[in-house]
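Structure, as structure tokens:
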Amino acid sequence: MSTGAGPGSRSDYSMQLHNFFQKEENRGNGGRLAFSEQGMGPAHNPVWTINVHIDGEVWGTSSDVRKQVAKNWAAREAMIQFRIPFLDE
1 MSTGAGPGSR SDYSMQLHNF FQKEENRGNG GRLAFSEQGM GPAHNPVWTI NVHIDGEVWG
61 TSSDVRKQVA KNWAAREAMI QFRIPFLDE
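Residues in the sequence shown are numbered consecutively from 1, following the UniProt record's numbering.
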């Protein structure tokens with residue numbers, strides 16, 4: 001399992017991805033960004049799988065016992081696939 005960056009940090013990839021699409025939407029170029037989530041396993045300790053959807057297609061997926069960590073890494077994968085530069089690199 002990976003460690004995730006806290007909200008507001010430069011490595012908060014889900015926020016970076018959201019901000020990128022917000023800026024593109026303001027320019028008239030934005031695609032539709034959505035996240036889907038699914039918890040599997042026992043109710044007291046689920047493993048979360050998060051998918052990042054851009055215009056209805058899955059561009060990033062990650063799983064972790066912590067939902068926010070899975071979301072962050074799925075967003076990072078989507079940024080790589082969509083060739084969006086990271087703010088911390």
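Even glycine gets a Cβ: it sits at the ideal position worked out from N, Cα and C.
Find the nearest neighbour of residue i within the set the options, judged by alpha-carbon distance.
i: residue 79; options: 58, 64, 65, 66; result: 58
i: residue 36; options: 82, 84, 72, 27; result: 72
Whole angstroms is fine: what's the gap from residue i's alpha carbon to residue j's?
i: residue 13; j: residue 19; result: 10 Å
i: residue 16; j: residue 49; result: 20 Å
i: residue 3; j: residue 39; result: With a pLDDT of only 46 at residue 3, under 50, the local geometry of the prediction cannot be trusted, and no value is derived from it.
i: residue 64; j: residue 86; result: 22 Å
i: residue 74; j: residue 54; result: 12 Å
i: residue 69; j: residue 30; result: 25 Å
i: residue 28; j: residue 43; result: 42 Å
Quick one: give me the first and last residue of the alpha helix (DSSP H) that residue i is part of.
i: residue 18; result: 13-26
i: residue 35; result: Unbroken run through residue 35 is the beta strand (DSSP E), 33-40; no alpha helix (DSSP H).
Can you check DSSP and say which residues form a bridge with residue i?
i: residue 48; result: 39, 64
i: residue 58; result: 53
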